Amino acid sequence: SRAVQARDVETGALVCLKVMRHGKDYFDQGLDEIKLLRYVNDADPDDEQGILRLLDSFYYKEHLVLVCELLRANLYEFLKHNRLSGDEKYFAGPRLASVCHQVLRSLAFLHSLRLIHADLKPENILVKSYSRCRVKVIDLGSSCFLSDRLAVYVQSRSYRAPEVVLGLPYDQRIDLWSLGCVAAELATGRVLMANESVPTLLARMHSILGPFPLAMLKKGRFAHKYFTKSGKIYERSAKTGRLEYLRPKQSSLAARLAGLDPEFVSFVHSVLHLDPAQRPTAAQALEHPWLEQRRALPGARSP
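According to my numbering, the sequence shown holds residues -16 to 286 in order.
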């Protein structure tokens, strides 16, 4: 899809047009997103839960178009600009805590509706106000209900939860994993689970968080594609066709987040357990003490 800024000729308001690509699959995907946005917006009539507002939709020259509220830059673009500009680091201390708290509230709301966002990443979190540090979660195009037949491949790879990679059953806690990756990236300016392929992603997870629980490797439908029976990660060389073993580097989450607030490291660690059963729900994660730092922001509001 492509997003363009436009002006509503009746109201004069600036809006965002999300123009879906031509083709039946994209049309169907757009219709699904419209239904989900209407459902979610109807459940949040006062616009308090930090989810993009859908204003209208129409069909134009074989393209489905979603009319949405106009927001500012996404966090990927903003983080890049902030880093290159040499300005004061924006995502630190109270601001970082505020952004994580807002996104968690949005996730808790979606999860209360039995939805999984399934594609949380910096590009899908947009700034509503720079001065007040307000953000919104967008793009429900990959979202699904817990009762749906869950897709095999969801989430952008660098933010993909291990249970999805291994082909295990998954639930809303995959969104918590993605948030942990996003939080670390905002704090450091670097993609936490940087990778070139699925095997290198698994090696990075092992390097930072330790070995995978054997139960996950035994039950994962796709584990045999990446792990030997003894638990070694392998990849087939694109050049030679031979199998190559990947040796995870010795590292840790604390090392990757060195010099940052220990309470922040604790927060990220809590949502980045390899075993999803050990991760908190969004509602539980909202209770982490590090998030209290958001109250130091000027004009901070409860909850």
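Every residue, glycine too, gets a C-beta built ideally from N, C-alpha and C. This structure is a prediction, so every number in the text was calculated from the model and none was measured.
Taking Cβ to Cβ, would you say residue i is nearer than 8 Å to residue j?
{"i": "Ala206", "j": "Ala91", "result": "no"}
{"i": "Leu38", "j": "Glu16", "result": "no"}
{"i": "Ser253", "j": "Pro263", "result": "yes"}
{"i": "Val109", "j": "Ile121", "result": "This sequence places Leu at residue 109; Val is not what is there. For Leu109 and Ile121, yes; Cβs fall inside 8 Å."}
{"i": "Phe74", "j": "Ala170", "result": "yes"}
{"i": "Val181", "j": "Tyr209", "result": "yes"}
{"i": "Leu255", "j": "Met199", "result": "no"}
If you run the structure through DSSP and keep just helix, strand and coil, what is residue i?
{"i": "Arg204", "result": "coil"}
{"i": "Glu168", "result": "helix"}
{"i": "Ser40", "result": "strand"}
{"i": "Cys(-1)", "result": "strand"}
{"i": "Glu146", "result": "helix"}
{"i": "Asn57", "result": "strand"}
{"i": "Phe92", "result": "helix"}
{"i": "Phe195", "result": "coil"}
{"i": "Ala(-11)", "result": "strand"}
{"i": "Cys83", "result": "helix"}
{"i": "His46", "result": "strand"}
{"i": "Phe210", "result": "strand"}
{"i": "Ser68", "result": "helix"}
{"i": "Arg230", "result": "coil"}
{"i": "Tyr73", "result": "coil"}
{"i": "Val135", "result": "coil"}
{"i": "Leu129", "result": "coil"}
{"i": "Tyr9", "result": "helix"}
CB-CB under 6 Å to residue i, same chain, minus the five flanking residues each way: which ones, in chain order?
{"i": "Arg78", "result": "Cys116"}
{"i": "Ala144", "result": "Ile157, Trp160"}
{"i": "Arg66", "result": "Gly172"}
{"i": "Leu47", "result": "Met3, Phe10, Gly13"}
For residue i, collect the residues of the same chain with a Cβ closer than 8 Å to its Cβ; drop the 5 residues on either side in sequence, then sort them by chain order.
{"i": "Arg(-10)", "result": "Ala(-4), Leu(-3), Val(-2)"}
{"i": "Leu269", "result": "His84, Leu87, Arg88, Ala91"}
Give the C-beta separation of residue i and residue j to the nearest angstrom, bearing in mind that I take them to be a contact with Cβ-Cβ under 8 Å.
{"i": "Val86", "j": "Val118", "result": "7 Å"}
{"i": "Ser126", "j": "His100", "result": "5 Å"}
{"i": "Ala167", "j": "Leu240", "result": "6 Å"}
{"i": "Val148", "j": "Leu184", "result": "7 Å"}
Going by beta carbon distance, what residues of the same chain come within less than 7 Å of residue i, once the five residues before and after it are set aside?
{"i": "Ala186", "result": "Ile216, Leu229, Pro231"}
{"i": "Glu106", "result": "Asn57, Tyr59"}
{"i": "Ser139", "result": "Asp102, Lys104"}
{"i": "Val193", "result": "The question names Val, but residue 193 is Gly in the sequence shown. Contacts found: none."}
{"i": "Leu96", "result": "Val23, Ala26"}
{"i": "Gly70", "result": "Here residue 70 is Asp; the residue named in the question, Gly, does not match the sequence. Closer than 7 Å at Cβ, skipping near neighbours: no residue."}
{"i": "Thr211", "result": "Tyr217"}
{"i": "Ser(-16)", "result": "Lys1, Val2, Met3, Arg4"}
If we count Cβ pairs, one from each stretch, closer than 8 Å, do we get three or more for the segment 228 to 240 versus the segment 163 to 180? yes
Per the contact definition of three or more C-beta pairs closer than 8 Å, is the segment 42 to 60 in contact with the segment 108 to 115? yes
Examine the Cβ distances between the segment 213 to 222 and the segment 263 to 283 and report whether three or more of them are shorter than 8 Å. Touching, no.
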